[in-house]
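Number of protein chains: 2
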Amino acid sequence: MAWRFALRIDPVASDDRRESFDDTLRVIDPGAPALPVGELSAQRGDGIFESLGVVGGHPQEVGPHLERLVHSAQLCELPTPHLAQWRAAIERVAAEAGEGESVIKLVLSRGVDGGASPTAWITLADAPDNARARSEGVRIATLDRGYALDVPARAPWLLLGAKTLSYATNMAAIREAQRRGADDAVFVSSDGYVLEAPTASVVLRFGDRFVTPTPSAGILHGTTQLSLFAHLEQRGFATAYDTVTTAQLAEADAAWLLSSVRLAAPVAAVDGQPMAIDRAFTDELNAYLLSPRD
Amino acid sequence: MAWRFALRIDPVASDDRRESFDDTLRVIDPGAPALPVGELSAQRGDGIFESLGVVGGHPQEVGPHLERLVHSAQLCELPTPHLAQWRAAIERVAAEAGEGESVIKLVLSRGVDGGASPTAWITLADAPDNARARSEGVRIATLDRGYALDVPARAPWLLLGAKTLSYATNMAAIREAQRRGADDAVFVSSDGYVLEAPTASVVLRFGDRFVTPTPSAGILHGTTQLSLFAHLEQRGFATAYDTVTTAQLAEADAAWLLSSVRLAAPVAAVDGQPMAIDRAFTDELNAYLLSPRD
C-alpha cells in the first residue's frame with residue numbers, strides 16, 4: 001500500500017449536535033507511529049472497518065458503507081459512529097485523492113486496553129492496479145468456512161456478519177487459494193452453500209438472471225453488489241438473493257467477485273475448471289462501477 | 295491494564311548466530327504512539343501472541359510459550375521466531391517486574407502493509423487481581439463455536455489452532471457470557487463437544503482422574519494445563535486427553551479453567567447450574583502454579 005494521507009478521528013457521541021467536526025479530525029503522518037502497543041486493534045483485532053473506492057476524487061457509496069459501519073458497531077457493541085462526523089472525515093480525506101483510483105479505509109477500534117474511549121482513524125492510499133483482474137478475471141478456489149449455513153444466526157458472538165479487524169482467517173484463505181494455483185478464495189459453508197470471498201461478494205449469472213447468496217448473519221451485504229444489482233435492474237435484468245449451492249457455482253453462465261476497490265472481477269476458473277468470461281459485458285459493469293456513485 | 299514496560303523487537307532470522315541481541319531490543323514507552331496505522335496487527339489482526347504469567351520476577355513456562363509461538367507462526371506463515379532472541383527479550387522485560395504478579399505479552403505481527411518485515415514487541419503489565427476467581431470460582435456459559443469437531447483439521451486456513459491477534463470473537467463470547475449472568479464462556483463444537491474457553495483451557499475431574507479436551511487444530515494446547523497435568527501425575531492422579539461431551543461437563547465432580555495469568559479458576563456454575571468447588575484442593579493447585587515453573 002502506498003499510504004498518502006491519514007486522519008485521526010476523536011469519535012463524538014452519535015447524538016452530538018455540533019455543526020463542524022474540524023476540531024475532532026487531526027492530520028497524521030500515515031507512516032509515523034500513531035498507535036500505542038496497548039491498542040486493542042493491534043492486540044486483539046478488536047474493532048471494525050470499511051474500505052471505500054475513490055475514483056477521480058469521488059468517494060463511492062459513502063452512505064451504504066457508513067450504514068454497514070454502524071451495523072458492525074452494533075454487532076460488536078462499539079459506540080455508534082456519528083454519521084456526519086465520519087462523512088466530514090471522508091470528505092476531508094477524499095479531497096487529497098486527486099485523479100485515478102484510491103482507497104479510503106475507515107477504522108473504529110475499541111481503543112486502548114483499559115482505556116475508556118474508542119480509537120478511530122481514516123487513511124487514503126493509492127489503489128492497486130486492478131486492470132488485469134477486471135479484464136482477464138480471477139481464478140478462485142472454494143474453501144470450507146467451517147460452519148453450516150444456519151450457524152451465524154444462532155451464534156451472533158461469532159460476529160460473522162460484522163466487518164471486524166479480525167481478518168487473519170480471511171488472509172490465510174487467500175494464501176491457501178494461491179497455494180492451489182488460484183488468485184482468490186470463495187468460502188463455502190460446511191453444508192455446501194456458497195458464502196462470499198474473503199474480501200468480496202459473489203454474483204452469478206444464469207441467463208438474464210443475476211443471483212447472489214442471501215446476505216445474512218454470515219455474509220456481509222456487499223455495497224458494490226448492492227449498487228450493481230440496482231444498475232442491472234435498471235437495464236432490465238432480473239436479480240435475486242438466494243441460497244446458492246457449490247454445484248450451482250460451476251453451472252452458472254458467468255460469475256463475478258464484487259468489491260469496493262477491485263470492482264467486478266470475472267471468475268475465470270473455479271477449482272481449476274475454466275469458466276467463460278464475457279469481457280465486453282464485464283467492461284460495461286466496471287464502467288458503471290467507476291462512475292460517480294452515492 | 296496498567297502497562298509498565300515495553301520493548302520493540304527487531305526480529306532476526308531464526309538461524310541467526312549472534313551472541314547478543316541487545317541491539318535488536320529497544321525500550322519504548324508503552325503509552326506512547328509506537329505503531330503506524332498501516333500496521334497489519336491493527337488493520338487485520340494479522341499476527342500472533344502469547345501471554346505469560348510472571349510471579350515475583352520469574353516468567354513462567356517460557357519454553358512452552360515460545361514453542362507455541364513458533365507453532366502459531368508456522369500455521370500463519372510468519373517468519374519463525376528466533377527462540378534465543380525472544381528469551382533475551384523476556385528476560386529483559388521480566389527484570390522490570392519486581393514482586394507480585396505481572397503479565398508479559400509477546401506479539402509478532404506480519405508488519406506494516408506493503409512492508410517487507412514483521413513487527414514484534416513485548417509488554418509488561420500488572421496482572422489483574424485474580425484472587426476472587428481463584429477462590430470463589432467463575433460461572434461459565436457454554437457457547438456454540440459454530441463448527442463440528444472435525445472441521446479445524448480439514449480447514450487449516452481457519453487458523454483455529456493458532457493463537458492469532460484476531461480475537462474479536464473471543465472477546466464477544468465473553469461479553470455474551472456476561473450478558474447471561476456468567477463470568478466467562480466455554481466454547482462447544484456444533485456437534486456437542488467441549489472445546490476451550492476464549493482465553494483458557496478446560497480441565498474436568500472425575501474421581502481421581504483429570505481430563506481435558508484433546509488439543510487439536512481447533513483447541514490450543516494450554517501451557518498451564520500441560521504444567522498442571524505434570525504436577526497432578528506427580529501427585530499420583532491419572533490424567534487424560536479425550537473428547538468431552540457437553541453432558542460430561544455437567545457430570546464432572548469439579549472443573550477448572552486454566553490460563554497463564556488467572557491460573558486455576560474453579561468452575562462455580564455451568565449455564566446457571568451450580569457446581570461444587572473444592573477450595574482447599576484448588577488452593578493447592580494455585581500454590582503450585584504460583585511457584586517458579588520453567
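From first to last, the protein sequence lines stand for chains A and B. Taking our numbering, the leading residue of the first sequence gets 1, the next gets one more, and so forth. Taking our numbering, the leading residue of the second sequence gets 295, the next gets one more, and so forth. Glycine included, C-beta positions come from ideal geometry on N, C-alpha and C.
Separation of A:Ala-250 from B:Pro-251, as counted between CA atoms: With chain B covering 295 to 588 only, the question about residue 251 of chain B has no answer from this structure.
Three-state class that DSSP yields for B:Pro-450 in the structure shown: helix
Would you call the stretch 44-51 of chain A in contact with the stretch 142-154 of chain A, where contact means no fewer than 3 C-beta pairs closer than 8 Å? no
Which residues in the same chain as A:Pro-30 place their Cβ atom closer than 6 Å to its Cβ, once the five residues preceding and following it in sequence are excluded? Trp-3, Ala-6, Thr-123
Report yes or no: do the stretch 325-332 of chain B and the stretch 351-363 of chain B share at least 3 C-beta pairs separated by less than 8 Å? no
Within 8 Å (strictly less), CB to CB, does A:Pro-215 reach chain B? no
What's the gap between the Cα of B:Met-287 and the Cα of A:Ile-277? The displayed coordinates of chain B run from 295 to 588. Any statement about residue 287 of chain B would go beyond what the structure contains.
Of all Cβ atoms in chain B, is any one closer than 8 Å to the Cβ of A:Ala-133? Look at A:Ala-133: its C-beta is not under 8 Å from any C-beta on chain B.
Under three-state DSSP, which class holds A:Tyr-241? strand
Using a Cβ-Cβ cutoff of less than 7 Å, which residues in the same chain neighbour B:Thr-493 once the five nearest sequence positions on both sides are dropped? Contacts found: Asn-464, Ser-553.
Mind checking A:Gly-272: buried by the 16 CB within 10 Å criterion, or exposed? exposed
Return the first residue and the last residue of the beta strand (DSSP E) that A:Thr-119 is part of. 119-126
Where in the stretch 161-203 of chain A do unbroken runs of the alpha helix (DSSP H), each at least 4 residues long, occur, reported from the N-terminal end onward? 168-179
Cβ neighbours of A:Ala-148 in the same chain (closer than 7 Å, five flanking residues each side left out): The answer, listed in chain order, is Ser-189, Ser-190, Asp-191.
Measuring only the C-alpha atoms, how far is A:His-82 from A:Pro-292? 24 Å
Are A:Asp-229 and A:Thr-239 close, meaning C-beta to C-beta below 8 Å? Inspection of the sequence shows that residue 229 of chain A is occupied by Phe rather than by Asp. A contact, by the Cβ cut-off of 8 Å.
What are the residues in the stretch 427-442 of chain B lying within 8 Å of chain A by C-beta distance? Leu-437, Asp-438, Arg-439, Gly-440, Tyr-441, Ala-442
Neighbourhood of B:Leu-453 by C-beta distance below 7 Å, restricted to the same chain and skipping five residues each side: Leu-369, Cys-370
Assumed close pair B:Ala-462, B:Leu-498 - CB separation to whole angstroms, cut-off 8 Å: B:Ala-462 to B:Leu-498, Cβ: 28 Å. No contact.
So B:Lys-399 and B:Ser-345 are supposed to be a Cβ contact under 8 Å. How far apart are they, rounded? 5 Å
Cα-Cα separation between A:Ile-174 and A:Leu-257, rounded to whole angstroms: Cα atoms of A:Ile-174 and A:Leu-257: separation of roughly 14 Å, rounded to the nearest angstrom.
Step through the CB atoms of chain B and report whether any lies within less than 8 Å of the CB of A:Met-275. no
Any beta-carbon of chain B closer than 8 Å to the one on A:Thr-169? yes
For B:Ser-411, does the count of other Cβ atoms within 10 angstroms reach 16, so buried, or fall short, so exposed? B:Ser-411 counts as exposed, since fewer than 16 other beta carbons sit within 10 angstroms of its beta carbon.
Mind checking whether A:Ile-140 and A:Gln-85 have CB atoms under 8 Å apart? No, Cβ-Cβ distance for A:Ile-140 and A:Gln-85 is not below 8 Å.
Given a limit of 9 Å on CB to CB distance, which residues of the stretch 441-455 of chain B reach chain A? Tyr-441, Ala-442, Val-445, Pro-446, Arg-448, Ala-449, Pro-450, Trp-451, Leu-452, Leu-453, Leu-454
Comparing C-alpha positions only, which one of B:Ile-322, B:Thr-374, B:Ala-559 sits nearest to B:Ser-308? B:Thr-374
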